[in-house]
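Trainee: Quick note: the sequence shown uses the working numbering, first residue 161, plus one each step. Sharing a structure here in structure tokens format.
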Amino acid sequence: MCKELTKRHEKVMQCTLEEACSYYEKNEPKGEFVFVVEGADIEELESREQQKWEQVPIEEHMQNYLARGMERKEAMKAVAKDRGMTKNQVYKELMR
Numbered sequence: 161m162c163k164e165l166t167k168r169h170e171k172v173m174q175c176t177l178e179e180a181c182s183y184y185e186k187n188e189p190k191g192e193f194v195f196v197v198e199g200a201d202i203e204e205l206e207s208r209e210q211q212k213w214e215q216v217p218i219e220e221h222m223q224n225y226l227a228r229g230m231e232r233k234e235a236m237k238a239v240a241k242d243r244g245m246t247k248n249q250v251y252k253e254l255m256r
């Protein structure tokens, strides 16, 4: 959390949102504040996305892209990317 950026009394406080709320319940907030929030790690997000798709049958996953108007080849490529597979592996799974 940053306070009074670019000013004489600039202050930076590294804390959780919960800690910031607790602090300002006891201390009256004055001035301008900026909250800098760290996002999730990209690898973690990709892993969650992959796990989400693994819960869906591959045929349904493929149909999802086809229904959006994708060509079969492009849909297979998208399914492969979502699942961390090769297009060849997707093709073999669909042919079972």
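All residues carry an ideal CB built from backbone N, CA and C; glycine is no exception.
Quick one: residues in its chain with C-beta nearer than 8 Å to the C-beta of Glu-234, no 5 flanking neighbours on either side, listed in chain order?
Mentor: Cβ neighbours of Glu-234 beyond the five flanking positions: Tyr-225.
Trainee: Would you list, in sequence order, the uninterrupted alpha helix (DSSP H) runs of no fewer than 4 residues that lie entirely inside the stretch 196-240?
Mentor: Correct list: 202-214 and 218-227.
Trainee: Figure out for me which residue from Glu-231, Ile-218, Met-230 and Gly-229 has the closest Cα to the Cα of Gln-249.
Mentor: Checking every option, the nearest Cα to that of Gln-249 belongs to Ile-218.
Trainee: Measure the alpha-carbon distance for Lys-247 versus Val-197 and round it to whole angstroms.
Mentor: Near 37 Å, if we compare the C-alpha coordinates of Val-197 and Lys-247.
Trainee: Could you compute how far the alpha carbon of Lys-252 sits from the alpha carbon of Asp-242?
Mentor: Spanning the two alpha carbons is a distance of roughly 16 Å.
Trainee: Using 8 Å as the threshold, is the C-beta distance between Phe-195 and Met-161 below it?
Mentor: Going by C-beta atoms, Phe-195 is nearer than 8 Å to Met-161.
Trainee: Can you tell which of Val-239, Ile-202, Glu-231 and Glu-203 has the C-alpha that lies nearest to the C-alpha of Glu-220?
Mentor: Minimum Cα distance to Glu-220 is reached at Val-239.
Trainee: Under the rule that 16 or more other beta-carbon atoms within 10 Å means buried, what is Met-236, buried or exposed?
Mentor: The residue in question, Met-236, is buried, as its Cβ has 16 or more Cβ neighbours within 10 Å.
Trainee: So which of Tyr-184, Trp-213 and Ala-227 has the shortest CA-CA distance to Met-245?
Mentor: Per the Cα distances, Trp-213.
Trainee: Could you give the first and the last residue of the continuous alpha helix (DSSP H) run that contains Leu-165?
Mentor: That residue, Leu-165, is in no alpha helix (DSSP H); it is neither H nor E in DSSP.
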